[in-house]
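**Q** One structure, pasted below without further comment.
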Amino acid sequence: MSVLAVVALSQAENYAVVADHLYTMDADPQGGPGLVLIRDGKIEDVRAGADIKVPKGYQVIHGAYVTPGLIDAYTSTGVSGAYNIPADQDQDESTDPNTADVNVRDSLNPEDLLYQYVNAYGVTTLQVTPGPRNPIAGTAGIFKTAGPNSPFRTVDQLTLKLNSAMVFNLGDTPKEVYGSKHKAPVTRMKTAEMIREALLQATQYQERWDKWKLEKSDPAKRPTLDTKLAALAGVASGKTPAIFNVYRADDIDTAIRIGTEFHLKYMLASVTEGYLIRDKIRQAGVPCLVGAITQPFENLQTANATYENAELLQQAGIPIAIMTGYEGYVPKSRVLLFETAIAVANGLGMEPALRAMTISAAKILGIDDKIGSLAKGKDADVVVFDGDPFEYTSHVEQVLVQGAVTYQKRQ
Amino acid sequence: MQKTKVVLMAAVCLGAAFRSTAAGSQTARDENVLVVEGARILPITSPPIERGVMVVKGGKIVAVGEQGKVEIPPGATVKDAAGKIVMPGIVDSHSHIGIDPNPTVSDSQDANEGSGPIQPALRALDAIDPADPNIRMATAGGITTANIMPGSGNVMGGQTAYVKLRGTTIEQMLIPGTIGGMKMANGTNPKNYGSREQAPMTRMATAALARGIFAKAQDYKAKWDAYNKAVTANDKTAKAPDRDLGLEAVGQILDGKRVVHNHTHRADDVMTVLRLADEFHYRVVVHHGTESCDVADELAKRHIGVTFTMIDAPGGKPETINFSISCPARLEKAGVKVAFNTDDPITNSRLLLRSAALAVRGGMSEDAAMKGLTIYPAEMLDLQGRVGSLERGKDADFIVLSGPPLSVYTHVLETWIEGGKVFDRSNPVDLRYATGGFNVISRYPQPQGGGQ
């Protein structure tokens with residue numbers, strides 16, 4: 006990738022980012038001229054106006070458009086490698102429909118080409134998720150795409166939030182994967198039943214442990230440890246959010262039914278037919294991570310994908326983020342910016358679109374104390390564009406993660 | 478093809494009420510004169526005309542020029558296109574619409590005849606479903622002409638079909654006088670036979686199988702040439718060789734009548750394509766050409782063009798790992814003509830303008846990018862005499878855009894083929910082929926602000 010410079014080009018310095026159009030995605034008005042001061046990897050200050058003097062001691066970066074680092078709210082990039090050969094596919098442990106005990110942290114490869122590729126298109130944070138094959142797929146985590154610790158970053162250095170969610174897959178894929186092996190689930194009914202049963206078991210498991218602890222913890226009566234049930238207990242108790250990856254409207258409805266039944270803290274991912282059931286989603290108060298819209302119509306459940314989905318969900322008052330999800334073939338990853346650009350061209354306004362990729366995503370994922378806007382004290386994750394961020398012919402000129410330049414467009 | 482009523486059928490689950498409202502798709506080509514006036518016209522093969530006029534009669538362009546300088550025939554239907562952009566219909570030089578229909582379910586997938594790697598007798602036209610909604614979606618993206626091809630699973634995948642995106646039968650779609658090209662492939666995909674312990678298992682065997690069929694065709698041709706010569710010489714004892722439909726088609730390649738469309742990614746695979754073409758003296762177009770920019774000089778000196786598939790990211794298989802949006806720019810600099818294709822369903826036919834725009838993002842000139850959507854792919858299909866530019870005498874295939882062609886904010890407003898409108902964004906049914914959601918129109922929520 007000759008256009009990419011994937012290692013941090015500098016250690017964190019003090020930067021003054023001067024913008025013609027500054028989108029802080031914070032409370033202040035958006036799109037006017039302004040200045041962002043960066044010190045020690047954090048946003049030191051943000052100043053609006055055209056005639057701001059840059060204080061001494063800062064290296065100046067000038068940009069036509071400046072936004073916070075973009076957040077891909079749900080993707081298998083990092084665990085599903087670019088080569089798409091068995092050696093680099095670590096997203097789907099499809100040996101068992103319930104793999105609640107697996108965690109993406111143990112598959113993540115920060116050196117994968119795609120993991121670094123998306124950084125060059127402005128993505129500084131990813132929620133990395135297991136793939137689409139298992140009804141109970143495992144635990145997701147939130148990671149930076151790069152950082153000041155380059156060239157080699159361990160997963161721990163990139164981690165923003167571990168155990169961000171437990172992923173549940175409904176719809177066509179799990180039943181196709183297991184049904185073809187004559188194993189459960191063969192039907193949607195069974196997928197739902199397996200999830201219900203696991204959540205019930207997890208609830209009872211937690212009760213056993215709570216009871217034992219309450220009863221003075223007699224070592225002889227200690228309940229058996231079960232790593233799957235332990236992982237699901239957090240979901241059942243509402244501590245760990247659940248993400249239901251769903252496409253068809255009736256599968257969305259099933260997710261809401263299970264979420265309501267078990268009082269889960271949950272959100273929806275992909276949500277291809279969300280626009281057809283948006284009133285129900287709004288009533289349930291569920292945030293949506295809106296899936297890629299440039300994908301082929303690979304199966305029946307995505308046949309009704311529309312470029313207007315994000316806008317139609319947003320109009321209904323549903324909090325939205327944008328996600329690229331999982332790709333099984335060429336290309337092995339979607340570009341968050343392009344997916345959102347098409348939504349913008351089809352009715353989603355520029356500001357709502359930027360919000361969906363930044364502060365809304367951060368709020369939905371519970372990381373808005375650290376990232377998602379250019380606000381004092383937050384991580385200095387910044388994207389510098391030479392034009393309208395959504396225009397096809399614009400360029401990302403620079404990407405900063407925690408105050409370090411991780412991508413610089415070649416002149 | 479005279480007086481063909483142009484009706485693109487709503488393919489899946491559309492209620493009767495919606496079928497009858499698809500008026501925008503039913504405009505017939507006829508002898509009436511249509512004048513498109515006031516638009517910024519991009520003829521492609523000549524400079525843009527700021528306030529242009531285009532006169533269409535009998536499905537052909539009869540005049541293009543500046544407003545006030547072109548005579549408007551009396552009785553013409555005048556279409557005011559002020560503030561809009563008019564450019565030629567887009568030519569997609571590599572597509573699987575109709576042969577890999579939407580949605581992708583195995584029953585309807587007919588691109589790859591996985592029963593053997595050499596299939597020159599196959600004709601894509603026998604497997605194309607004109608009712609595939611992907612075809613209508615392609616018109617929503619401004620595509621008017623397509624090269625519909627078999628897939629890349631075979632070394633020689635079959636005969637391709639050059640079509641216009643109109644009509645309810647493949648006969649109505651086919652461009653009269655064309656025989657299509659021949660699909661070939663090397664690199665990863667044909668090697669899939671290896672997993673069944675069949676050839677080809679290696680790139681060597683892929684090339685050997687290709688050589689084998691061309692050698693056979695040379696032999697076949699020699700026999701027929703000898704026979705024809707004997708007949709001409711009034712030799713009554715001359716016996717006609719047995720006909721072979723596959724070898725006849727390969728013979729057309731050797732005769733220069735049929736172009737090879739060769740799927741290839743890695744630079745060394747591109748060189749294998751060139752080596753075979755040099756060896757058997759045939760015309761070839763490099764398809765995808767992910768690493769073709771690394772051997773751009775070799776392509777330039779042979780005057781071989783590349784039709785590039787602009788994907789979002791590298792990978793998905795090892796041979797596309799070096800994908801870059803800058804490859805078309807590098808080819809342009811070396812003097813190679815570059816077209817853009819959808820490879821639908823790999824990229825969606827509604828987004829072919831985007832492919833050219835991303836090449837500009839990668840450093841290509843706008844001029845080359847626009848030619849890569851129109852006249853260059855037309856040349857690659859030997860159709861430059863009929864399509865690919867707005868010139869007197871060419872087919873009246875054009876699109877009306879809301880703004881600059883390479884902007885994300887621009888919508889295709891109308892698509893016309895041979896003087897008949899096949900897509901109209903203001904039509905509520907057509908709109909859903911542009912946005913998606915055409916199966917569920919009765920349940921589709923009304924966006925605030927109209928979704929335009």
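Taken in order, these protein sequences are the chains called A and B.
FYI, the numbering for the first sequence is 6 to 416, going by our numbering.
FYI, the numbering for the second sequence is 478 to 929, going by our numbering.
Just so it is clear, CB atoms sit at the ideal spot from N, CA and C, and this is done for glycine as well.
1. Considering only the alpha carbon of each residue, which of G542/B, N624/B, A811/B lies closest to V762/B?
2. Between the C-alpha atoms of G654/B and V736/B, what's the straight-line distance to the nearest angstrom?
3. Beta-carbon of L858/B versus every beta-carbon of chain A: anything under 8 Å?
4. According to DSSP, what are the bridge partners of Q64/A?
5. When you check each C-beta in the segment 335 to 357 of chain A against every C-beta of chain B, which residues fall closer than 8 Å?
6. Looking only at C-alpha atoms, which of L119/A, E202/A, S378/A sits nearest to D33/A?
7. Is it the case that the segment 284 to 295 of chain A contacts the segment 257 to 275 of chain A, given that we only count it when at least three CB pairs across the two stretches are under 8 Å?
8. How about I595/B and L686/B: do their beta carbons lie closer than 8 Å?
9. For S879/B, which three-state DSSP category applies?
10. Starting from N19/A, find everything on chain B with Cβ-Cβ shorter than 7 Å and list it in chain order.
11. Please determine if the segment 654 to 672 of chain B and the segment 695 to 704 of chain B are in contact, where contact requires at least 3 C-beta pairs separated by less than 8 Å.
12. Taking C-beta to C-beta, are S81/A and Y331/A nearer than 8 Å?
13. Would you say N666/B lies against chain A (beta-carbon separation less than 8 Å)?
14. Which of helix, strand or coil does DSSP assign to Q35/A?
15. Report buried or exposed for A500/B, applying the criterion of at least 16 other Cβ atoms within 10 angstroms of its Cβ.
16. Output the distance between the C-alpha atoms of A704/B and L724/B, rounded to the nearest integer angstrom.
17. Give the residues of chain A in contact with T916/B, contact being defined as C-beta atoms less than 8 Å apart.
18. Just to confirm my understanding: we take D95/A, look at its own chain, exclude 5 residues before and 5 after, and list those with CB closer than 6 Å. What are they?
19. Determine whether the Cβ of E303/A lies closer than 8 Å to any Cβ atom of chain B.
20. Near T504/B, which residues of its chain fall below 6 Å by C-beta distance, leaving aside the five closest residues on each side in sequence?
21. Is the segment 340 to 355 of chain A close to the segment 207 to 219 of chain A, with three or more CB pairs under 8 Å?
22. Taking DSSP as the reference, what is the three-state secondary structure of P565/B?
23. For G812/B, count neighbouring Cβ atoms within 10 angstroms of its own Cβ and tell me buried if that reaches 16, exposed if not.
24. So what's N611/B in DSSP terms, helix, strand or just coil?
25. Excluding the 5 residues preceding and the 5 following F800/B in the sequence, name in chain order all residues of the same chain whose CB lies nearer than 8 Å to its CB.
26. Which residue marks the beginning of the beta strand (DSSP E) containing I652/B, and which one marks its end?
27. Could you check what DSSP says for K221/A in three-state terms: helix, strand or coil?
28. H400/A CB to nearest chain B CB: under 8 Å?
29. For Y79/A and chain B, any beta-carbon pair shorter than 8 Å?
30. I need the straight-line Cα distance from D746/B to D820/B, nearest angstrom please.
31. Which two residues bound the contiguous beta strand (DSSP E) that contains Y397/A?
32. Of all the options E18/A, G264/A, G39/A, which has the alpha carbon lying nearest to the alpha carbon of H26/A?
33. Taking the alpha carbon of N168/A as the reference point, which residue from G37/A, T144/A, H187/A has its own alpha carbon closest?
34. Decide if the segment 52 to 59 of chain A is in contact with the segment 399 to 408 of chain A; the criterion is three or more beta carbon pairs, one per stretch, under 8 Å apart.
35. So L829/B packs on L850/B, CB below 8 Å; how close in whole Å?
36. Where does R506/B sit, in a helix, a strand or coil, going by DSSP?
**A** Quick look at the numbers:
1. N624/B
2. 14 Å
3. no
4. Y20/A
5. V335, P336, K337, S338, R339, V340, F343, A346, I347, V349, A350, N351, G352
6. S378/A
7. yes
8. yes
9. coil
10. Within chain B, no residue comes near N19/A; the closest Cβ sits about 31 Å away, beyond 7 Å.
11. no
12. yes
13. no
14. coil
15. The predicted model places A500/B with a pLDDT of 36, which falls under 50 and marks its position as unreliable; any figure quoted below should be read in that light. With fewer than 16 Cβ atoms within 10 Å of its Cβ, A500/B is classed as exposed.
16. Just to set this straight, residue 704/B is Tyr in the shown sequence, not Ala. Cα-Cα distance, rounded: 16 Å.
17. According to the sequence provided, residue 916/B is Asn. The question's Thr does not apply to it. Near N916/B (Cβ distances below 8 Å), the residues of chain A are A308, N309.
18. V84, S112
19. yes
20. Bear in mind that the predicted position of T504/B carries a pLDDT of just 45, short of 50, making it unreliable; the figure below should be weighed with that in mind. Counting only Cβ-Cβ distances below 6 Å, and skipping sequence neighbours, we find G897, K898.
21. no
22. strand
23. exposed
24. helix
25. T767, I788, A790, P791, G792
26. From DSSP, I652/B is part of no beta strand (DSSP E); its letter is neither H nor E.
27. coil
28. yes
29. no
30. 19 Å
31. It is not in any beta strand (DSSP E) - Y397/A carries neither H nor E in the DSSP assignment.
32. G39/A
33. T144/A
34. no
35. 7 Å
36. Below a pLDDT of 50, predicted positions are generally treated as unreliable, and R506/B, at 47, falls in that range; no measurement from the model is reported.
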